[in-house]
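For our numbering, add 1 to where a residue sits in the sequence shown, where the first one is 1. All C-beta atoms, glycine included, are put in the ideal place defined by N, C-alpha and C. Here the structure is a predicted model, which is why all the values come from computation and not from measurement.
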Amino acid sequence: MCSSVLVFCQAILILIAYSYLEIALPIVFVSIIILFEAASNLFFTFLTSRKKGIPEWLFGLVMFLDIILLTALLYYTGGPMNPFTFLYLVHIVIGAILMRAYWSWSLMVFTVLCYSSFFIVDPEVFGQLPHLLPGGFIGGVDIQETCHPAIVEYTLLSDHMKLHLKGMLLAFVITAFFIVFFVGKIQKALEEHQQTLVSLEEERARSEKLSSLATLSAGAAHDFSTPLSTIAVAAGEMLHQLQKGEIDQGLVDDAQLIKDQVKTCKDILYQM
């Protein structure tokens with residue numbers, strides 16, 4: 002969902018720069034990038050709607066691919082002077098929240114390298130690529146108005162502007178580091194809190210079982226008391242008759258009574 006919103010925002014920004022600000026853009030080239038991003042997001046939306054699990058490596062691969070596509074988009078729409086380089090942070094935040102620590106740190110380092118490439122890659126290497134596609138640069142009166150280092154040489158900028166752009170890169174690196182670091186800490190704290198809740202829930206379940214067992218034991222003791230008392234009285238009567246040497250029908254009845262009471266105790270145990 003977040004990636005879809007990001008792609009939509011990128012498309013709106015390109016449209017504003019092309020139609021309202023009248024900045025020369027390789028409109029065909031950037032349109033291909035936007036369409037490819039939209040297609041990949043629709044594919045993931047389809048997988049999510051079918052409730053199919055997305056492998057972690059595939060999700061990570063798509064995140065890295067999105068960074069590459071965003072880098073190409075930014076490179077041909079202003080490079081390091083593009084004010085929307087902060088969109089890198091959206092991917093870093095998504096990665097820090099949804100991916101494991103080693104994936105999120107790898108994504109951050111890769112993003113920093115992509116941002117740094119604006120200052121390293123020779124403009125002659127990729128600067129002519131949009132001209133190979135139909136349309137070329139469209140939308141501006143003068144291509145020089147794009148303020149793109151691949152067209153207006155980065156070396157022609159003033160030292161103050163170069164220092165400002167490098168300062169933006171440094172600020173981005175620091176911000177990205179703290180985002181991944183603190184989001185990781187928060188996630189770890191949340192996991193520990195979740196584990197604590199699970200442990201407390203298990204302890205509560207054990208306490209309820211012990212309470213139920215105690216209640217059952219008390220009930221069983223009460224149920225056993227009556228037949229055991231009867232057995233004790235019947236056994237006393239039999240003992241008294243046997244000591245007197247008298248054997249009559251009463252002894253037989255007492256023996257039958259003891260047998261019945263023992264059966265009752267067994268039934269209670271079976272129910273428990």
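Return the chain-ordered list of same chain residues with a C-beta closer than 8 Å to the C-beta of residue i, the five sequence neighbours on each side being excluded.
i, result
"Phe178", "Met109"
"Thr216", "none"
Buried or exposed: residue i, going by 16 or more other Cβ atoms within 10 Å of its Cβ?
i, result
"Leu70", "buried"
"Lys72", "Note on identity: in this sequence residue 72 is Thr, with Lys being the wrong assignment. Classification for Thr72: buried."
"Ala97", "buried"
"Met82", "buried"
"Pro27", "buried"
"Ile232", "buried"
"Tyr64", "In the sequence under discussion, the amino acid at residue 64 is Met, which differs from the Tyr named in the question. Looking at its Cβ environment, which holds 16 or more other Cβ atoms inside 10 Å, Met64 is buried."
"Tyr103", "exposed"
"Glu38", "buried"
"Gln262", "buried"
"Leu66", "exposed"
"Leu74", "buried"
"Ile166", "Note that residue 166 is Leu in the sequence shown, not Ile. Flag for Leu166 reads buried."
"Gly61", "buried"
What residues in its chain sit with their C-beta under 7 Å from that of residue i, if we drop five residues either side in the sequence?
i, result
"Thr265", "Pro228"
"Val181", "Ile93, Ala97, Ser105, Trp106, Met109"
"Asp268", "none"
Along the chain, where does the alpha helix (DSSP H) containing residue i start, and where does it finish?
i, result
"Ser159", "Looking at the DSSP string, Ser159 is not in any alpha helix (DSSP H), and its letter there is neither H nor E."
"Leu120", "The amino acid at residue 120 is misidentified as Leu; the sequence shows Phe. Where Phe120 is concerned, the enclosing alpha helix (DSSP H) stretches over 102 to 121."
"Met64", "57 to 76"
"Gly96", "88 to 99"
Note down, in chain order, each residue of its chain lying with its Cβ closer than 6 Å to the Cβ of residue i, except the 5 sequence neighbours on either side.
i, result
"Ile15", "Val31"
With C-beta atoms as the reference, is residue i less than 8 Å away from residue j?
i, j, result
"Ile68", "Phe9", "no"
"Gln11", "Ile33", "no"
"Val113", "Val184", "no"
"Phe45", "Ile55", "yes"
"Thr78", "Tyr116", "no"
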